[in-house]
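From first to last, the protein sequence lines are chains S and X. Residues in the first sequence are numbered from 69 upward in steps of one, following the working numbering. Residues in the second sequence are numbered from 3 upward in steps of one, following the working numbering. Glycine included, every Cβ here is placed at the ideal spot set by N, Cα and C. So the structure is just underneath, and the comments pick up after that.
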Amino acid sequence: MNGSGSAGESSAAPPARTVVDARGSWCPGPLMELVRVIKEEPVGTEFELWSSDEGSRKDIPVWLEKAGHQLVEFRPDAGFDRFVVRKTHE
Amino acid sequence: MAKRVVILGGGIGGTTVANRIRKALEGEVAAGQVQLSVIDREGIHAYQPGYLMVVFDKMRPEETRRDEAGLLHRSIQLVKGEVEKVDAAANRVLLKGGKEVGYDILVIASGSVIHPELTPGFVEGAHSFYDLANAQKLRTTLRGFTGGKIVVSVAGMPYKCPVAPLEVTFLLDDYLRAQGIREKSEIHYTYPIPKVFGIDSVAQPMQRLMGERGISVHVPFNVDRIDPAGKTIKGVEGDVLPYDLLIAIPAHRGADFVGASGLGDKGNWIPTDRYLLRAEGKENIFVFGDATNIPISKAGSTADYEAETVTHNVASMVRGEAPTARYDGRVYCWILTGLNQATYIKFDYLHPPHPPTPSFAHYWNKVIYNRTYWDLTARALF
Numbered sequence: 069m070n071g072s073g074s075a076g077e078s079s080a081a082p083p084a085r086t087v088v089d090a091r092g093s094w095c096p097g098p099l100m101e102l103v104r105v106i107k108e109e110p111v112g113t114e115f116e117l118w119s120s121d122e123g124s125r126k127d128i129p130v131w132l133e134k135a136g137h138q139l140v141e142f143r144p145d146a147g148f149d150r151f152v153v154r155k156t157h158e
Numbered sequence: 003m004a005k006r007v008v009i010l011g012g013g014i015g016g017t018t019v020a021n022r023i024r025k026a027l028e029g030e031v032a033a034g035q036v037q038l039s040v041i042d043r044e045g046i047h048a049y050q051p052g053y054l055m056v057v058f059d060k061m062r063p064e065e066t067r068r069d070e071a072g073l074l075h076r077s078i079q080l081v082k083g084e085v086e087k088v089d090a091a092a093n094r095v096l097l098k099g100g101k102e103v104g105y106d107i108l109v110i111a112s113g114s115v116i117h118p119e120l121t122p123g124f125v126e127g128a129h130s131f132y133d134l135a136n137a138q139k140l141r142t143t144l145r146g147f148t149g150g151k152i153v154v155s156v157a158g159m160p161y162k163c164p165v166a167p168l169e170v171t172f173l174l175d176d177y178l179r180a181q182g183i184r185e186k187s188e189i190h191y192t193y194p195i196p197k198v199f200g201i202d203s204v205a206q207p208m209q210r211l212m213g214e215r216g217i218s219v220h221v222p223f224n225v226d227r228i229d230p231a232g233k234t235i236k237g238v239e240g241d242v243l244p245y246d247l248l249i250a251i252p253a254h255r256g257a258d259f260v261g262a263s264g265l266g267d268k269g270n271w272i273p274t275d276r277y278l279l280r281a282e283g284k285e286n287i288f289v290f291g292d293a294t295n296i297p298i299s300k301a302g303s304t305a306d307y308e309a310e311t312v313t314h315n316v317a318s319m320v321r322g323e324a325p326t327a328r329y330d331g332r333v334y335c336w337i338l339t340g341l342n343q344a345t346y347i348k349f350d351y352l353h354p355p356h357p358p359t360p361s362f363a364h365y366w367n368k369v370i371y372n373r374t375y376w377d378l379t380a381r382a383l384f
């Protein structure tokens, strides 16, 4: 994890978001990193996973569906992709 | 007063970086201007990649251990003691028992620690090979194995040597064939994500090999609990697998003192600049090897390559220069695909690995490295 946001005081504030910079993570790989951090944080946390592995576009939605967590947003960037994921249950 | 460079950990990373810094600052060390110290709990150096080899009688247990003092250059001080806390504000390390060691530059190479107790049922129900005693125990169990259902699983992340679950699976297959009991056995490989390894360029050839060898694949499978009495392992996805022999990778955490020092995240991994290998927000603390939070392999090879960068940056700081060396993410790891064959993965931050066809030649390179490790890497003669 390379950074984190914090929840605001207002009820309308966005949920906490943790940036997981997994660019260049070929071994064990970005999805393994996401599986790790999702276990460590509370329900409701949002993760912004950065991946430069093209396989993530297929793997991450498949795993999220199986695991029951939510893909909030997918956004391609220069040389990598951003996946915003919300943890929905323990 | 001499500048004090203190290194925490006498594993692969700590040992090779100490010897490399000594070489880089040879004149200053000889003149007494730089004092190098390594703090290690036991003073015994363990070559952990050897544990899997012990399971299959490819290395003897004693070949995986040596006295740390014999690996460090004679000018490097070895302090035996367990770190309780790093007081970064005061530039000092506190050891259990009350001893204090001050530093000007600190290098943390404290590795990772296995925690099988974090997975319900693991200690009673699973075999592993992540410490020497359990590797020997698994070796004994395998010698008495006459056939049945073997499950290989990963109980927590991150874990050391990401390819180890693949390796033990392929070695088992080859071993059971050699024993003439493969047809009386089933091998079931589980992995936490929807494929057998983290990226396609490795996962696809490995899954193909598994298919050719009759190995069953269960993915994704994230371990929830192990039932030692019922001999089953349950995944959070709801799957339950029965087993006669369970070989599992235990959960890992960073060293306890990292948490006590306020230096780590929830897993006691230290947030680290992935290029400079410096602890985030700490000018005079470098971190490398398993101890960092960088999302690449926790493996000896990673620490070996990172040690080049840390050495350069420590030497620069000792000489009053800015640390400018950057780690490019280089890693080179063999993957054993049988008792006498292997492939390898070589990659950096920008270039993913493409493992070649497994061969005896790659396996033999691994064997040669195991035997020359002590001089080439630990003593940093190369």
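Give a yes or no on whether 8 angstroms exceeds the smallest Cβ distance from residue i to chain X.
| i | result |
| --- | --- |
| S/D149 | no |
| S/L99 | yes |
| S/D127 | yes |
| S/K134 | yes |
| S/V152 | no |
| S/V130 | yes |
| S/A75 | Low confidence applies here, because S/A75 scores a pLDDT of 37, under 50, leaving its location unreliable and the question unanswered by this model. |
| S/M69 | Caution is warranted here: a pLDDT of 48 is assigned to S/M69, below 50, making its placement in the model unreliable, and the coordinate value is therefore given only provisionally. Closer than 8 angstroms: yes. |
What residues from chain S crowd round residue i, counting only those whose CB sits closer than 8 angstroms?
| i | result |
| --- | --- |
| X/M208 | The contacting residues do not exist; X/M208 stays about 12 angstroms from chain S at best. |
| X/E239 | K134, A135 |
| X/G331 | G92 |
For a contact defined as C-beta to C-beta under 7 angstroms, what are the partners of residue i on chain S?
| i | result |
| --- | --- |
| X/P164 | C95, P96 |
| X/M212 | Going along chain S, no residue has its Cβ under 7 angstroms from X/M212, so there is no contact; the nearest lies around 18 angstroms. |
| X/D202 | G123 |
Can you determine whether any heavy atom of the ligand SAH sits closer than 7 angstroms to the C-beta of residue i, and answer yes or no?
| i | result |
| --- | --- |
| X/V369 | As for the ligand SAH, it is missing from this structure, which has no ligand bound. |
So residue i and residue j are supposed to be a Cβ contact under 8 angstroms. How far apart are they, rounded?
| i | j | result |
| --- | --- | --- |
| X/T294 | X/W271 | 6 angstroms |
| X/P244 | X/K151 | 6 angstroms |
| S/V152 | S/E141 | 4 angstroms |
| X/P222 | X/Y193 | 7 angstroms |
| X/T274 | X/I249 | About 31 angstroms separates the two Cβ atoms, so there is no contact after all. |
| X/L74 | X/G83 | No, X/L74 and X/G83 are not in contact; Cβ-Cβ is about 15 angstroms, not under 8 angstroms. |
| X/G331 | X/D350 | 4 angstroms |
| X/N21 | X/R255 | In fact, because the Cβ distance is near 28 angstroms, the residues do not count as touching under 8 angstroms. |
| X/H364 | X/T345 | 6 angstroms |
| X/H220 | X/D241 | 6 angstroms |
What residues match up with residue i in a beta bridge as DSSP calls it?
| i | result |
| --- | --- |
| X/V333 | X/F349 |
| X/Y191 | X/V154, X/V219 |
| S/W118 | S/D89, S/R150 |
| X/R227 | X/K236 |
| X/K300 | X/K162 |
| S/F142 | S/F151 |
| X/G340 | X/Q343 |
| X/F288 | X/V109, X/R280 |
| X/I2 | Lying outside 3 to 384, the shown extent of chain X, residue 2 of chain X is not represented and no answer is given. |
Output, in chain order, the set of chain X residues within a Cβ distance shorter than 7 angstroms of residue i.
| i | result |
| --- | --- |
| S/G112 | The contacting residues do not exist; S/G112 stays about 16 angstroms from chain X at best. |
| S/R104 | M159, P160 |
When the cut-off is 8 angstroms and only beta carbons count, does residue i lie next to chain S?
| i | result |
| --- | --- |
| X/P236 | Just to set this straight, residue 236 of chain X is Lys in the shown sequence, not Pro. No, X/K236 lies away from the interface with chain S (no Cβ there is under 8 angstroms from its Cβ). |
| X/I195 | yes |
| X/F349 | yes |
| X/K284 | no |
| X/N224 | yes |
| X/G256 | no |
| X/L279 | no |
| X/L352 | yes |
How would you list, in chain order, the residues of chain X whose beta-carbon sits under 8 angstroms from the beta-carbon of residue i?
| i | result |
| --- | --- |
| S/A90 | P297 |
Going along chain X in order, which residues have a C-beta closer than 9 angstroms to the C-beta of residue i?
| i | result |
| --- | --- |
| S/E108 | D267, K268, G269 |
Report the neighbours of residue i on chain S: residues whose CB is nearer than 9 angstroms to its CB, in chain order.
| i | result |
| --- | --- |
| X/P355 | W94, C95 |
| X/L10 | Ordered by position in chain S, no residue passes the 9 angstroms Cβ test against X/L10, which lies about 22 angstroms from the chain. |
task: Any chance you could list the beta strand (DSSP E) runs of at least 3 consecutive residues sitting entirely within the stretch 234-261 of chain X, in chain order?
output: With a minimum length of 3 residues, the continuous beta strand (DSSP E) runs that stay inside the stretch 234-261 of chain X are 234-237, 242-244, 247-251, 253-256.
message: At 4 residues or longer, what runs of the alpha helix (DSSP H) sit wholly inside the stretch 38-71 of chain X?
response: Those alpha helix (DSSP H) runs which fall completely within the stretch 38-71 of chain X and span 4+ residues are 52-57.
query: If you scan the stretch 165-211 of chain X from start to end, which runs of the beta strand (DSSP E) of 3 or more residues do you find wholly inside it?
result: Segments of the beta strand (DSSP E) lying fully in the stretch 165-211 of chain X: 187-192.
query: Which ranges would you report for the beta strand (DSSP E) in the stretch 74-142 of chain X if only whole runs of at least 3 residues count?
result: Taking only runs of at least 3 residues, the beta strand (DSSP E) segments lying wholly in the stretch 74-142 of chain X are 79-82, 85-89, 94-97, 102-104, 107-110, 114-117.
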